[in-house]
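A.B. asks:
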Amino acid sequence: MDFRPFIRDLNDFPKPGMAFWDITPLLADVTTFQEAVARMQAPVETLQPTHVLALESRGFIFGSALALRLGLGFVPARKPGKLPGRTLRATYLNTQGCEDALEIPEGAFKPGDRVLIVDDVLATGGTAAAARSLVERTGAHALALTLFAEVGNLPGREALAGLPVFSVLRV
């Protein structure tokens, strides 16, 4: 299936000079959305994960769908201050080169858990690397990153050395 007709390229969004892939047409078409999630699932279902960790915010869409399909628990990785209770935090440089952070609920994972990280797009790899760090700090094992799209000319995979990365679409 060609997913490109279901993705709109928007320039200067959300800020001037930035490019944004609008996936709402893909999400609005049930057949296309189901196919995207099935393709994200196929390379990881034999890894035997115990949990899905999905990255804010569009990773939540794909991550919750994958968690349900795989029969797994779902844990959100959020921006600071968005989760109740005690959290673990990891900082990273975002695609604009500014420091940012992700948090997960304290106690979300325990040693021996096998965590599948899910996001929508891989660019520089900073967000996914922070998520991996959070998983490993709990004593759990980060199995792989599965995502819808990957920007091929950016160093995302290099930032995740040793972590298998599976993407449906490379642009």
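179 is the number that the working numbering gives to position 158 of the sequence shown; each next residue is one higher, with no gaps.
All C-beta atoms, glycine included, are put in the ideal place defined by N, C-alpha and C.
All figures in this text were calculated on a predicted structure; none of them were measured in a lab.
#1: Can you tell me whether D140 is buried or exposed, with buried defined as 16 or more other CB within 10 angstroms of its CB?
#2: If you follow the beta strand (DSSP E) that A180 is part of, which residue opens it and which one closes it?
#3: Give the single residue among T116, H162, T145, E124 whose Cα lies nearest to the Cα of K36.
#4: Which class does V65 belong to by DSSP, given the choice of helix, strand or coil?
#5: Check for me: the alpha helix (DSSP H) holding V73 runs from which residue to which?
#6: What residues in its chain sit with their C-beta under 8 Å from that of Q62, if we drop five residues either side in the sequence?
#7: Could you spell out where the alpha helix (DSSP H) holding T45 opens and where it closes?
#8: Can the beta-carbon of T53 be found closer than 9 Å to that of F27?
#9: Just list the residues that DSSP pairs A111 with in beta bridges.
#10: I'd like to know whether the C-beta atoms of S4 and L143 end up nearer to each other than 9 Å.
#11: Quick check on R158: buried or exposed, where buried means 16 or more other Cβ atoms within 10 Å of its Cβ?
#12: Taking the beta carbon of E171 as the centre, do at least 16 other beta carbons fall within 10 Å, making it buried, or is it exposed?
#13: Measuring straight from C-alpha to C-alpha, what distance separates R110 and L68?
#14: Taking just the CA atoms, how far does E66 sit from V186?
#15: Name the residue from I44, R60, C119 whose alpha carbon lies nearest to the alpha carbon of R25.
C.D. replies: Taking the geometry as given:
#1: Position 119 of the sequence shown, counting from 1, holds the residue named residue 140. Buried is the call here.
#2: Translated into positions along the sequence shown, residue 180 becomes position 159. For A180, no beta strand (DSSP E) encloses it, and the DSSP letter there is neither H nor E.
#3: Position 15 of the sequence shown, counting from 1, holds the residue named residue 36. If you compare the alpha carbons of T116, H162, T145, E124 with that of K36, the shortest gap goes to T116.
#4: Reading the sequence shown from its first residue, position 44 is the one you call residue 65. The three-state secondary structure of V65, taken from DSSP, is coil.
#5: Within the sequence shown, the letter at position 52 stands for residue 73. Where V73 is concerned, there is no enclosing alpha helix (DSSP H), although the beta strand (DSSP E) it sits in stretches over 72-76.
#6: The sequence position of residue 62 within the sequence shown is 41, counting from 1. In the same chain as Q62, and ignoring 5 residues on each side of it, the C-beta atoms closer than 8 Å to its own belong to L87, R90, L91, T167, in chain order.
#7: Within the sequence shown, residue 45 is the residue found at index 24, counting from 1. Counting along the chain, the alpha helix (DSSP H) containing T45 begins and ends at 45-49.
#8: Within the sequence shown, the letter at position 32 stands for residue 53. Within the sequence shown, the letter at position 6 stands for residue 27. Yes, Cβ-Cβ distance for T53 and F27 is below 9 Å.
#9: Within the sequence shown, numbered from 1, the residue matching residue 111 stands at position 90. Partner(s): L123.
#10: In the structure as shown, the chain starts at 22 and stops at 192, and residue 4 therefore has no counterpart that could be examined.
#11: In the sequence shown, counting from the first residue as 1, residue 158 sits at position 137. R158 sits exposed, since fewer than 16 C-beta atoms from the chains shown fall within 10 Å of its C-beta.
#12: Here residue 171 corresponds to residue number 150 of the sequence shown, with the count starting at 1. Under this definition E171 is a buried residue.
#13: In the sequence shown, residue 110 corresponds to position 89, counting from 1. In the sequence shown, residue 68 corresponds to position 47, counting from 1. If you take the alpha carbons of R110 and L68, they lie about 26 Å apart.
#14: To locate residue 186, count along the sequence shown from 1; it is residue 165. To locate residue 66, count along the sequence shown from 1; it is residue 45. Roughly 14 Å between the two C-alpha positions.
#15: Counting from one through the sequence shown, the residue named residue 25 turns up at place 4. When each option's Cα is compared against that of R25, the closest is I44.
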